[in-house]
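Residue numbers (this note's numbering), protein chains in the order written: chain A, -5 to 349; chain B, 257 to 549; chain C, 112 to 376.
Below is one structure, written out as structure tokens; the observations come after it.
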Amino acid sequence: MTSAPEEHLRLEGIGVSFGAVNVIPALDLSVRKGEMVAFLGPSGCGKTTTLRIIAGLNKPSRGRIMVGGRDITRLPIHDRDMGMVFQSYALFPHMNVTRNVAFGLQMRNIPSRDAESRAAQALDMVQLGHLAHRKPKELSGGQQQRVALARALVIEPSILLLDEPLSNLDAKLRDEMRVQIRALQQQSGITAVFVTHDQVEALSMCDRVVVMRGGRVEQFGTPTEVYERPATAFVANFVGRTNRLKGAITAEGTLTAAGHQLRSATTLPPGAVEILVRPHRIRIDDAAETANRVKGAVSGITFIGDLVQYAVRVGDAEVVVEEATRRDRSALAVGDTVTLGWSAEDTLVYPAGEQ
Amino acid sequence: MSAVPTTTPVPAAPRQWRDGELAVLLLLPIALINAIGFILPVLNLARYSFNKSRVGGGIEAVFTWENWAGLLSDPFYLELVFNSVWISLAITLTTLVVSYPIALYLHRASGAWRTFLTVLVISPLLTSAVVRTYGWIAILVDDGPVVGAIKALGLPAPSLMFNIKGVFIGLTEILMPYMILALMAGFGRLDPRVEEAARTLGATPSRTFMKVILPLTLPGIALGCLLCFVLAVSSFITPKLMGGGRVFLLATEIYDQAIVTLNWPLASTLSILVLIVFGAALWAYSAVLRRLD
Amino acid sequence: MMEIHKTSWPMRILVFLLFVYLLAPVILVFPLSFSGDQVLRFPPSFWSTRWYSALFANSQMLQAFWTSLSLAAIVTALSIVIAVPAAWVMTRLTFAGRDLLFNLFTAPLLLPTIVLGLAILIVFASFGLLATMHGLVFAHLVVTLPYALRVLAVSLSTQDRACEEAARTLGAKPLTVFFRVTVPMLTPGIVAAAALCFLVSFDEVVITLFLTGPRISTLPVELYNYVYNQADPLVAAASALLILLTLAVIMIVERAMGLGKAFVK
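Below you can see the structure in the form of structure tokens.
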């Protein structure tokens, strides 16, 4: 994408407190021009609050917000030049679609003829030109969402803010809108911040992902980094599925779990640890040499269509293994003894009790 | 995620109003009207109940127990209070009995039929009490349709006007919409599935009513009764017009003392007495609610 | 669906009879208003429109009607102008003592009108406000404002606040948001509140009885005095017209937001 990544949005020590409670202790973040960043985390992690602080809808207790090198912390909401898409879409029910989209332009004192033609262009961009005279309540959820997007983009804001924009749509529409929003963002080259609790949205749509928990940034990286090299056990658990095993590192530095000695690419000081392995990275009865090989008994089989899930009892732990369905797989049955194998790189180790 | 409290150390932009200043400015008119038209007059009322009356209206600002002592030792007023409370209670219970079936029926109705019936219930509420009382006078007068019908059946003709019977019949009807609305608000808790469950478990309709419907609707009943009792005690138009000067209740006496006799301290004392009765009703209501929880 | 909700016939008949009881006095005034009799009698011995003629010839009643109409109109307009900002403060700002203030502002609804009427009479007597239009407007505002405040506060608190926030992010200043987003979205609530205030003011009789005199009087007070002194079908004619007026107002409210929402809080 951009050859020389230039910083566009910067949060410096942003904090929010309710009385003595620090909801967000101190947040530092830097977003490059033209990139789309996801704030990903469970509800209550502070992601929406942070987004609203950028928009000016919430006031931070401390810290600075910089956009393009300018401090906007004290700038009133209406002077911030942000385009925001709300979870409920927040279309003005008393205005038709065109007037909704033209609203931001009118606020910028653009003559109404210009405003309307630009609104019409924006509506064409989201393929809604034919519904320009409808009232919001006459539109479907997906259409409302696209109007909201057009309304936010038409003012050519300095940053596009999206607050869980897909959470009110059904699954199929959500897939379509993911692609469309991403395409629009890339076409216009706008810097965007996307709040979501859905890891698929974050990973598939965004250039970088901020995983948040309890008002803190757990990890900030590309989707691949966050998935493959989760910085903490929380990130590993929240982004993608994992097996969690209790284990320990002995004084000699050997890693053990469920009665087996394991190998990992990570080195940690001796003590109790948590070991995480993604279900689809484990091979069943595979001839290939892998760093980790353990024996176990199949205790459950779930057929999901394109996937089969095996529950395998290893010592006192249960390990879930996922495998794409293959016709050549010799049928496994509950009670069969199998050998599980996975690489050292796929063995993620974290100090125990972190979560 | 809720909003950040408005008192943050980050100072607002200079030309923005602070919430506090804005609140004071925008609430000023309603606050003034409330203070001058409500708080001040009611506090005055309490004060005047301890002041001396001046002949021909007006008040002498001398502290006295006279009004209260006179009121509490006069058999006429004691009976007045007792009658008002007793009659209001009886009217409240009658209103409940005649309103409950309508409320239950409305609760189960749906769609346009329900809207239509709800409008029918509310429309008397929006019709002046004078008009409705007048309607009752026309129905209950000595040669009116009701007395006529009773005579036609060969029964002795009752006198329904200018006595407590007429007041009772008229006031019950006038309070019905309030009771029905309060009951319906309370029926929100009444999930039809609970009833269905009771029936599928083998309960008869009457047992379902006694064991399931009635207990679930008790909060609504309590609210409706409180509302109607309070309105009955303070009702004035109906007793005045239908009582023909022969029915004495607290509210009519307050008016007579204030406008006819021009004894404002006594009228004030009676008003405070009404408020005390209200307090008692409110206390009884919250006691009932506490038991229900 | 199970059939147990089919109401039984005895229950239907009971409900029907109770509805007859509930609506009898309101319905009765219509035939009664076309009575040709000199006295109140039902059914009338012959029909005529003489009482409508008598009503429109009664200058005192007409005068009182115009007083009531202008009083209700002024009170309604003032109630909305005063209650909309107040309701906005109550639902959009957070400050200490907000709930207490809200309860205080709606408290006049809990006070029996007979007590409130007397209380206002005594205070107004010393201000010289008795039997004046100012006085009546003020006294009616005491009663209508709590209704307006409640209806508007409910409407405002159920409004999607994200719409206001969206307008802000799109560049609208607070005052612009208020007039271009908040108020238009509040229209159904304003219509309901206005209709309610109008009806309450137009029908108000107890408090008004304390404050009117030979110089100024309202229609309900005149009707009360009339019924108190004599019983003839003139009031039936007036009542029939009043009921039709009320129905018209109800229909406006029903159109705007649905009656249930306006009254069953």
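Note that the Cβ used here is the ideal one computed from N, Cα and C, for glycine as well.
Practice task
Determine whether the Cβ of C:ALA303 lies closer than 9 angstroms to any Cβ atom of chain A.
Solution key: Counting from one through the third sequence, the residue named residue 303 of chain C turns up at place 192. Interface flag for C:ALA303 against chain A is unset, since no Cβ pair is found closer than 9 angstroms.
Exercise for the section: Using beta-carbon positions only, say whether A:ARG74 and A:ALA96 come within less than 9 angstroms of one another. Expected result: Taking the first residue of the first sequence as 1, we reach residue 74 of chain A at position 80. Taking the first residue of the first sequence as 1, we reach residue 96 of chain A at position 102. Contact flag unset, no.
Exercise for the section: Can you grab the Cα-Cα spacing for the pair A:GLY215 / A:VAL204, in whole Å? Expected result: Here residue 215 of chain A refers to the residue found at position 221 when the first sequence is read from its first residue. Here residue 204 of chain A refers to the residue found at position 210 when the first sequence is read from its first residue. Distance between the alpha carbons of A:GLY215 and A:VAL204 is about 7 angstroms.
Practice task
List the residues that DSSP assigns as beta-bridge partners of B:VAL516.
Solution key: Residue mapping note: residue 516 of chain B aligns to position 260 of the second sequence, counting from 1. Beta-bridge pairing links B:VAL516 to no other residue.
Exercise for the section: Output yes if chain A places a C-beta closer than 9 angstroms to the C-beta of C:VAL292; else output no. Expected result: Start at 1 with the first residue of the third sequence, and residue 292 of chain C comes out as number 181. For C:VAL292, at least one C-beta of chain A is nearer than 9 angstroms to its own C-beta.
Exercise for the section: In angstroms with no decimal places, state the Cα-to-Cα distance between A:VAL173 and A:GLN179. Expected result: Residue 173 of chain A sits at position 179 when you count from the first residue of the first sequence. Residue 179 of chain A sits at position 185 when you count from the first residue of the first sequence. Going by C-alpha positions, A:VAL173 is about 10 angstroms away from A:GLN179.
Exercise for the section: Would you decide whether A:PHE33 is buried or exposed? Buried here means 16 or more other CB atoms lie within 10 Å of its CB. Expected result: For the purposes of this step, residue 33 of chain A is identified with residue 39 of the first sequence, where counting begins at 1. By the neighbour-count rule (16 or more Cβ atoms within 10 Å), A:PHE33 is buried.
Problem - Beta-carbon contacts of C:LEU267 that lie in its chain and below 6 angstroms, excluding the five residues immediately before and after - result: For the purposes of this step, residue 267 of chain C is identified with residue 156 of the third sequence, where counting begins at 1. Here the set comprises ALA198 and THR202.
Exercise for the section: Can you give me the Cβ contacts of C:LEU240 inside the same chain, cut-off strictly under 6 angstroms, excluding the 5 residues immediately before and after it? Expected result: The count along the third sequence starts at 1 and reaches residue 240 of chain C at position 129. In chain order, GLY246 place their CB closer than 6 angstroms to the CB of C:LEU240, counting only its own chain and leaving out the 5 sequence neighbours on each side.
Practice task
From the DSSP output, in three-state form, read off A:SER293 for me.
Solution key: Numbered from 1 along the first sequence, position 299 holds the residue referred to as residue 293 of chain A. In the structure shown, A:SER293 sits in a strand (DSSP, three-state: E or B).
Problem - Exposure label - A:GLU195; buried when at least 16 CB within 10 Å - result: Residue numbering aside, residue 195 of chain A sits at position 201 when the first sequence is read from its first letter. Taking every protein chain shown into account, the CB of A:GLU195 has 16 or more other CB atoms within 10 angstroms, so this residue is buried.
Handout entry: Chain-ordered residues of the segment 351 to 365 of chain C with a beta carbon less than 7 angstroms from chain A
Key = Listed by position along the chain: nothing, the set is empty.
Exercise for the section: With a cut-off of 8 angstroms on the beta carbons, I'd call B:ALA365 and B:MET440 a contact; round off their distance for me. Expected result: Looking up residue 365 of chain B in the second sequence gives position 109. Looking up residue 440 of chain B in the second sequence gives position 184. Contact between B:ALA365 and B:MET440 is absent: CB atoms are separated by about 11 angstroms, not below the 8 angstroms threshold.
Handout entry: Beta-carbon gap between C:GLY147 and C:PRO155 smaller than 9 angstroms
Key = Translated into positions along the third sequence, residue 147 of chain C becomes position 36. Translated into positions along the third sequence, residue 155 of chain C becomes position 44. Yes, these two residues count as a Cβ contact at 9 angstroms.
Practice task
Under 8 angstroms by Cβ, that's how I've got A:VAL189 and A:LEU156 pegged, so tell me the actual separation to the nearest angstrom.
Solution key: Position 195 of the first sequence holds residue 189 of chain A. Position 162 of the first sequence holds residue 156 of chain A. 7 angstroms between Cβ atoms; contact.
Practice task
Pair every Cβ in the segment 281 to 291 of chain C with every Cβ in the segment 463 to 470 of chain B, then say whether three or more of these pairs are closer than 8 angstroms.
Solution key: With a cut-off of 8 angstroms, the segment 463 to 470 of chain B and the segment 281 to 291 of chain C do not count as touching, because too few Cβ pairs lie within range.
Practice task
List the endpoints of the continuous beta strand (DSSP E) containing A:TRP336.
Solution key: Counting from 1 along the first sequence, the entry for residue 336 of chain A is found at position 342. Looking at the DSSP string, the run of the beta strand (DSSP E) that includes A:TRP336 is 331 to 336.
Handout entry: Where A:PRO19 falls: helix, strand or coil (DSSP)
Key = By 1-based counting over the first sequence, the position of residue 19 of chain A is 25. Strand, per DSSP.
Exercise for the section: Output yes if chain A places a C-beta closer than 9 angstroms to the C-beta of C:CYS308; else output no. Expected result: Your numbering for residue 308 of chain C matches position 197 in the third sequence. It does not; no Cβ of chain A falls within 9 angstroms.
Practice task
Would you please verify whether the beta carbon of B:ILE289 is less than 9 angstroms from any beta carbon of chain C?
Solution key: Along the second sequence, read from residue 1 onward, the residue named residue 289 of chain B stands at position 33. Taking Cβ atoms only, chain C reaches closer than 9 angstroms to B:ILE289, which makes this a yes.
Exercise for the section: Give, in chain order, every residue of the segment 271 to 290 of chain C whose Cβ lies closer than 9 angstroms to some Cβ of chain A. Expected result: Those residues of the segment 271 to 290 of chain C placed with their C-beta closer than 9 angstroms to a C-beta in chain A are ASP271, ARG272, ALA273, CYS274, GLU275, GLU276, ALA277, ALA278, ARG279, THR280, LEU281, GLY282, ALA283, LYS284, PRO285, THR287 and VAL288, ordered along the chain.
Problem - Distance, B:ILE436 Cα to B:VAL377 Cα - result: As a position in the second sequence, residue 377 of chain B is number 121, starting the count at 1. As a position in the second sequence, residue 436 of chain B is number 180, starting the count at 1. Straight across, the Cα-Cα distance linking B:VAL377 with B:ILE436 is about 8 angstroms.
Handout entry: Closer than 9 angstroms to chain C by CB, A:HIS254
Key = Position 260 of the first sequence, counted from the start, is the residue given in the question as residue 254 of chain A. Output row for A:HIS254: interface = no.
Handout entry: Contact list for the segment 427 to 438 of chain B against chain C, Cβ threshold 7 angstroms
Key = Hits within the stretch, in order: GLU429, MET432 and LEU437.
Handout entry: Cβ neighbour criterion (16 or more within 10 Å) applied to A:LEU105
Key = In the first sequence, residue 105 of chain A corresponds to position 111, counting from 1. Strictly speaking, residue 105 of chain A in this sequence is Pro, with Leu absent from that position. Counting other Cβ atoms within 10 Å of its Cβ, A:PRO105 stays below 16 and is therefore classed as exposed.
Exercise for the section: Could you name the residues of chain C that A:SER82 contacts, counting a contact when the two beta carbons are closer than 8 angstroms? Expected result: Mapped onto the first sequence, residue 82 of chain A falls at position 88. Here the neighbours are ASP271 and ALA273.
Practice task
May I ask you to list the residues that DSSP assigns as paired with A:ASP65?
Solution key: As a first step, residue 65 of chain A must be located in the first sequence, where it is residue number 71. When DSSP reads this structure, A:ASP65 sits in a beta bridge with A:MET60.
Problem - chain B residues whose Cβ lies nearer than 9 angstroms to that of C:LEU173 - result: As a first step, residue 173 of chain C must be located in the third sequence, where it is residue number 62. None at all; the shortest Cβ gap to chain B is about 17 angstroms.
Problem - Buried versus exposed call for B:VAL486 [16 or more other C-beta atoms within 10 Å across all chains shown] - result: If you number the second sequence from 1, residue 486 of chain B lands on position 230. The residue in question, B:VAL486, is buried, as its Cβ has 16 or more Cβ neighbours within 10 Å.
Practice task
Residues of the segment 49 to 77 of chain A with a CB closer than 9 angstroms to any CB of chain C: list them in chain order, please.
Solution key: Residues passing the 9 angstroms Cβ filter: ALA49, GLY50, LEU51, PRO70, ILE71, HIS72, ASP73, ARG74, ASP75, MET76 and GLY77.
Exercise for the section: Counting only the same chain and skipping the five closest in sequence on each side, list residues whose C-beta sits under 8 angstroms from that of A:GLN193. Expected result: Within the first sequence, the letter at position 199 stands for residue 193 of chain A. Shown here for A:GLN193: same chain residues with a beta carbon closer than 8 angstroms to its own, the five before and five after excluded, namely LEU34, PHE232, VAL233 and GLY234 in chain order.
Handout entry: Buried or exposed by the 16-neighbour rule on C-beta atoms within 10 Å, applied to C:ASP314
Key = Position 203 of the third sequence, counting from 1, holds the residue named residue 314 of chain C. By the neighbour-count rule (16 or more Cβ atoms within 10 Å), C:ASP314 is buried.
Problem - Classification of A:LYS289 by the beta-carbon crowding that lies within 10 angstroms, buried from 16 upward - result: Here residue 289 of chain A refers to the residue found at position 295 when the first sequence is read from its first residue. Note on A:LYS289: under 16 other CB atoms within 10 angstroms of its CB, so exposed under the neighbour-count rule.
Exercise for the section: Return the residue from the list C:VAL317, C:LEU322, C:GLU333 and C:GLY300 that minimises the CA-CA distance to C:GLU365. Expected result: Residue numbering aside, residue 365 of chain C sits at position 254 when the third sequence is read from its first letter. Checked all of C:VAL317, C:LEU322, C:GLU333 and C:GLY300; the closest Cα to C:GLU365 is C:GLY300.
Problem - Close Cβ partners of C:LEU297 (< 6 angstroms) along its chain, the five nearest in sequence each way excluded - result: Stepping through the third sequence from its first residue, residue 297 of chain C is reached at position 186. Scanning its chain for C-beta atoms nearer than 6 angstroms, with the 5 sequence neighbours on each side dropped, one finds around C:LEU297 the residues SER266, in chain order.
Problem - Cβ shell of C:VAL140 (< 6 angstroms), same chain only, five flanking positions each side left out - result: For this step, residue 140 of chain C is matched to residue 29 along the third sequence. ALA347, SER350 and ALA351.
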